[in-house]
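Trainee: Just remember that this note's numbering sits 288 ahead of the position in the sequence shown, which is counted from 1. Yeah, the Cβ is synthetic: ideal placement off N, Cα and C, and Gly gets one too. I'd like to ask some things about the structure below.
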Amino acid sequence: MSVLINFKICDNAKECGGIAICPTGALKWNEKKETIEIDNEKCISCGKCENECPIGAIRVAKTEAEYKKIKEEIDNDPRTQKDLFVDRYGATPLSERFIAKPETLNEKIHKSEIVIVELFDDDSIECLLKSIPIKDIFKELPDNSLFYKIECNADIKRDLNINELPVLLVYENGEFVGKIEGYYSIDQKEEMYKKLKQII
Ligand code: SF4
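Here it is, written out as structure tokens:
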């Protein structure tokens, strides 16, 4: 009958597993508008997309009553993207959801007003417990701020003049506005916030 997407928590990416698995083309990526589009005329309520979404942002309604109930749940959902940031700065990526490919960096930085990208490599990974939760780093940033982790390569390192990894790259309205290089442990959390506030 109908598919609904909770865009409050969906990262609205063209790599969406729901688009890939949909057998009828009811979910598709609109390149021009840079958004996932729903064509409910094509939806057969098979539920494949719902099962594919790792964070439960895609919901499928089989009846009108179910549609209303799900819509209300989405409308009243207080969560934002930031509530799903389970990763920690400088630690091994925990959630594949926030890992992006180096070649998609340019595309990602235009996705929201504030986009923060962590660049890392195998040598820059530190102890998970001693690193700063990304959710904490984002607590004073706008709700629609986005976070990605990208494995750094030589081209990015050269283009952005990176001396030390890990690094947080900060983008505002698609423009690079600053970076914070080097590892910050949980004990240096306040210092990290201060630097971030100076940039944004
Ligand atoms: S429920 Fe099935 S047909 Fe409908 S959008 Fe999801 S995958 Fe496509």
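Please classify N394 as buried or exposed, where buried requires at least 16 neighbouring CB atoms within 10 angstroms.
Mentor: So N394 ends up on the exposed side.
Trainee: Just tell me which of R446, A442, I487 has its CA closest to the CA of V458.
Mentor: With distances taken between Cα atoms, V458 lies closest to I487.
Trainee: Out of curiosity, what's the CA-to-CA distance linking F295 and L484?
Mentor: Each residue's Cα considered, the two are about 26 Å apart.
Trainee: Report buried or exposed for R467, applying the criterion of at least 16 other Cβ atoms within 10 angstroms of its Cβ.
Mentor: Looking at the sequence itself, residue 467 is Lys, so the reference to Arg does not match. With 16 or more other Cβ atoms within 10 Å, it is buried.
Trainee: Indicate the three-state DSSP secondary structure (helix, strand or coil) for A442 in the structure shown.
Mentor: Here A442 sits in helix by DSSP.
Trainee: Enumerated in chain order, which unbroken segments of the alpha helix (DSSP H) with a length of 4 residues or greater are wholly contained in the region 310-381?
Mentor: Complete alpha helix (DSSP H) runs here, min 4: 336-340, 352-363.
Trainee: May I ask you to report which of helix, strand or coil DSSP gives S383?
Mentor: If DSSP states are grouped into helix, strand and coil, S383 belongs with coil.
Trainee: Would you call the CB atoms of E406 and L456 closer than 9 Å?
Mentor: Yes. Within cutoff.
Trainee: Going by the DSSP bridge assignment, what does F464 pair with across the sheet?
Mentor: DSSP lists Y459 as partners of F464.
Trainee: Do you know how far the Cα of G462 is from the Cα of K399?
Mentor: Cα-Cα distance, rounded: 8 Å.
Trainee: Ignoring anything shorter than 4 residues or poking outside the region 391-415, list the alpha helix (DSSP H) runs there in chain order.
Mentor: You should have 393-396.
Trainee: Rounded to whole angstroms, how far is the Cβ of G378 from the Cβ of P454, which I believe are closer than 8 Å?
Mentor: About 5 Å; that satisfies the 8 Å criterion.
Trainee: Output needed for K350: all residues of its chain with C-beta closer than 6 Å, excluding positions within five of it in sequence on either side, in chain order.
Mentor: So the qualifying residues of the chain are M289, S333.
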